[in-house]
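Trainee:
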Amino acid sequence: MGDTLGGNNSSNNAGSSGGSNDDSTSGGHNNTSSGGNGNGSNNDSDDDDDGGDDIPSKGNSTNSLWQPKNSSSIADGTPLRIMCLGASIVRGEVSSDSNGFRKTLRGDLAKLGAPINMVGSQRNGEMPDNDMEAYGGNRISQIHSHAEKIVPKQQPNVFVINVGTNNVLQYKDTDVAGEHMEAFIDYLLEASPRATVVLSTLLTNTVPNREPLILDINRQFRELYQKYENKTVVLAELHPSEGLPGRPTTDDISSDGSHPTDQGYEIMGHILADAVKDADQRGYLRWPENGLSYDGDIGRVDASAAESTEAPAPTTTDAASGTSSDSAPVTRSDAAAAAASTADAVASEK
């Protein structure tokens, strides 16, 4: 069968209740997501939109990094319900704190004042808001199956996908990885129609005889991305083969040949955050599905609860303090206030 990347599928590790803004990240990386710089619009203005907006064109410019006019908001204060999907790399395996790229991703976006909740049925890492949907050793089609159990209930408005390395390590479905990813993305956009998908290419790999397959799957992913013109999909280029600066190299891969080092994970986090900023610049980020809170333990359910007909009662979380309580779903004005509180809290930590 070949090697398998991270076979631990346990759903719990260190972590506390969601919503806390754990925003300490080290900067200095000017990493950019792949794709155009878009048209500069931020968020749709239709409060009653059903998710069928006309999406701005991706444009033709490449490798440009959007810089916000100030550090107080992203997407006009739209709450970001972020679900990271993948296998053991998304879980953060091998990293010293088990956060992987997720702490850096969250921290970069929180510094822009975004109310953030990382959601998913799994938890891993020392960061407080450590939810995700990731299962070690899983391939693209398997993560798709997991997503079908949880996405309809949690309705994220941002998906961050990094999956496919196990297809390579297991020599399984590598020639149809692009087709499997297309079915996966199509499902996510249908199940959570107000969502943006960040599709990342695979990291470089030093396991013998695997890098040619990594390169081929990345080619399939890039070709697939071109099919999503005028859809809410952005590409985050993680592989150095395209000549973009600041991509993880073999020096940033651990001794197992597949998982990043702490530095590699940090670089990933910055690139993925830049991809979300790119999506904002294109006007892709939209208010989460009406009726769902943007923060709290509604994002924390086990596999059996994910399959049940009833979701946990929604809770909301103070963006600055991270404390949660039962309440009604957050309104746009609530989120704007939370964004301001988050920005103030982050500024006070600097």
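All letters in the sequence shown, in the order written, are residues -6 to 343 by our numbering.
Glycine residues also receive a C-beta, built at the ideal position from the N, C-alpha and C atoms.
A quick note: this is a predicted structure, and the numbers were derived from the prediction, not measured.
1) Enumerate, from N- to C-terminal direction, the unbroken beta strand (DSSP E) stretches of 3 or more residues contained entirely within the segment 117 to 163.
2) Less than 9 Å separating the beta-carbons of residue 93 and residue 253?
3) For residue 188, which of helix, strand or coil comes out of DSSP?
4) Excluding the 5 residues flanking residue 280 on each side, which residues of the same chain have their C-beta closer than 6 Å to its C-beta?
5) Hey, is the segment 169 to 184 in contact with the segment 101 to 119, meaning 3+ C-beta pairs nearer than 8 Å?
6) Between residue 149 and residue 82, which are expected to be in contact by the criterion C-beta below 8 Å, what is the C-beta distance as a whole number of angstroms?
7) Suppose contacts are defined by Cβ-Cβ distances below 9 Å. Is residue 132 in contact with residue 80 by that definition?
8) Within 10 Å of its beta-carbon, does residue 243 have 16 or more other beta-carbons around it, so buried, or fewer, so exposed?
9) Helix, strand or coil for residue 88 per DSSP?
10) Are the Cβ atoms of residue 241 and residue 197 separated by less than 9 Å?
11) With 16 as the cutoff for other CB atoms within 10 Å, does residue 115 come out buried or exposed?
12) Evaluate residue 201 with the Cβ neighbour count: other Cβ atoms within 10 Å of its Cβ, from every protein chain shown; 16 or more gives buried, anything less gives exposed.
13) Indicate the three-state DSSP secondary structure (helix, strand or coil) for residue 80 in the structure shown.
14) Inspect the beta-carbon positions of residue 67 and residue 220 and report whether they are closer than 9 Å.
15) In three-state terms, what does DSSP make of residue 234?
16) I need the straight-line Cα distance from residue 315 to residue 147, nearest angstrom please.
17) Please work out which residues of its chain come closer than 7 Å, Cβ to Cβ, to residue 217, disregarding the five sequence neighbours upstream and downstream, and give them in chain order.
18) Under 9 Å between the Cβ atoms of residue 249 and residue 89?
19) Could you name the residues that DSSP lists as bridge partners for residue 115?
20) Determine the contact status of residue 157 and residue 214, defining contact as a CB-CB distance below 9 Å.
21) Throw me the rounded Cβ distance for the residue 191 and residue 144 pair, which I believe falls under 8 Å.
22) How about residue 110 and residue 117: do their beta carbons lie closer than 9 Å?
23) Take the Cβ of residue 273 as the centre, count every other Cβ of all protein chains shown within 10 Å, and call the residue buried at 16 or more, exposed below.
24) Pick from 154, 230, 199 and 282: whose alpha carbon is nearest that of residue 246?
Mentor: Reading off the structure:
1) 124 to 127 and 151 to 155
2) yes
3) coil
4) 71
5) no
6) Not a contact, Cβ separation roughly 19 Å.
7) yes
8) exposed
9) coil
10) yes
11) buried
12) exposed
13) coil
14) no
15) helix
16) Its pLDDT being 32, under 50, residue 315 is placed unreliably in this model, and the coordinates cannot settle the point.
17) 171, 174 and 175
18) no
19) 125
20) yes
21) With 8 Å as the limit, residue 191 and residue 144 do not qualify as a contact, their Cβ atoms being about 15 Å apart.
22) no
23) buried
24) 199
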